[in-house]
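Quick note, the working numbering runs 33 ahead of the 1-based positions in the sequence shown.
Okay, so here's the structure we're looking at.
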Amino acid sequence: MISVSDKTKQFLVLIVKLLIVGGAFYFIYNQLAHNNKLDWPKFITLLKEKQSFGNIALILLLTFLNRFLEILKWQNLVKVIRNISIGEASKQVLAALTAGLFTPNGIGEYAGKALFFDKSQTKKIVFLNLICNGIQMILTILFGIFGLLYFNAEFQVITTETVGLLFGALTVLILVLFFTKKINIKGYSLEKLIHKINEIPKTIHQKNILLAIGRYLVFSHQYYFLFLIFDVEIPYFLLMATITSVYFLASSLPTFQFLDFAVKGSVAVYFFGLLGVNEWIVVFISTLMWFLNTVIPVTVGSYFVLNFKTQWKS
């Protein structure tokens, strides 16, 4: 077995840190600088027209709450291993977000959080992160389905027969999962997964669900208020239904975190186009949402990545 000196290890860790941070900022720059749909002079002019202390304060508050609720979710879940402070939870969440920026569907986030704990606890951390992200995805699906149904009732994007077929397929899928929950695949089964979820205290699950609902309402209403600021006048329930539909459909597509705004933007252009909203306004708002909720946290997270010291022991 080849032994590696401590200095070599430190150098390799430094290289990995620089690659993560450098890669993150390169992808951010690449998306902002080479997006043909963004007319930057027009964008800056419009921002200057709409800027006010009230608007800026509200949007920044929602940006903070969005990530802070995610930090509280993680702090709450990781109690099953050990208690951590809000500062430590912030470090782990933001550093992991940076690490997951250019991995498919943010998979790097799982590894990023695991490195803050002993190697023996890796499986538990990955499992807890799965629950943390899983509840958010379930809420996105639930709100998204109701949003799609409301939107479809107004615009008939898909026929009633197709809606019935989709619900039928969903029912069949649930039944299949229920009757095959005991089937083992390489030692794993749905029944074992449910059992492990039930091992976590109910109070932690309840708090996790409440925080996840709060976070969903925060970022969906951040989108809503941005449309209001840009003078898009659409009835509340129709606008919220469109927003929840866009998040649901965009989240269903496999993508990279750094492409998130492009995917959501493309889906949003189609749906808001049916409402008569100008394409460039939709693109600008989608880009702003990405900048506020991904670029800013990643910038902070880069600091934690560069100062990271792994808890893993040889």
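Cβ coordinates follow ideal geometry from the N, Cα and C atoms, glycine included.
Status (buried if at least 16 other CB within 10 Å, exposed otherwise) for residue i
i: Y257; result: buried
i: N116; result: exposed
i: T131; result: buried
i: S253; result: buried
i: I168; result: buried
i: T327; result: buried
i: K106; result: buried
i: P330; result: buried
i: L94; result: exposed
i: S118; result: exposed
i: L282; result: buried
Helix, strand or coil at residue i [DSSP, three-state]
i: G10; result: Given that the chain is displayed from residue 34 to residue 347, the structure contains no residue 10 and the question cannot be resolved.
i: V190; result: coil
i: I318; result: helix
i: S85; result: coil
i: T332; result: helix
i: N185; result: helix
i: I171; result: helix
i: F258; result: helix
i: N162; result: helix
i: N340; result: coil
i: F263; result: coil
i: R248; result: helix
i: K346; result: At K346, the pLDDT of 47 sits below 50, so the modelled position is not reliable and the matter cannot be decided from this model.
i: T236; result: helix
i: N116; result: coil
i: T131; result: helix
i: I140; result: coil
i: I270; result: It should be noted that the sequence gives Phe, not Ile, for residue 270. The answer is helix: DSSP assigns F270 an H, G or I state.
i: L153; result: Here residue 153 is Ser; the residue named in the question, Leu, does not match the sequence. Three-state DSSP puts S153 in a helix.
i: L148; result: coil
i: S285; result: coil
CB-CB length for residue i against residue j, believed under 8 Å
i: T173; j: S85; result: Actually they do not touch by this definition, with Cβ atoms about 31 Å apart.
i: V315; j: G298; result: 7 Å
i: V126; j: I104; result: 5 Å
i: N162; j: K146; result: 6 Å
i: I262; j: N88; result: 5 Å
i: I230; j: I164; result: 7 Å
i: L250; j: F260; result: Incorrect: roughly 16 Å between the Cβ atoms, too far for contact.
i: Y143; j: V159; result: 5 Å
Inter-stretch contact (C-beta, 8 Å, three-pair minimum) for the region 268-280 and the region 103-122: Result no; under three Cβ-Cβ pairs closer than 8 Å.
At least three beta-carbon pairs within less than 8 Å, the region 162-182 to the region 271-282: Segments in contact, yes.
Touching by the beta-carbon criterion (3+ pairs, under 8 Å), the region 298-317 and the region 227-246: As far as the Cβ criterion goes, the region 298-317 does not touch the region 227-246, which means the pair count is below three.
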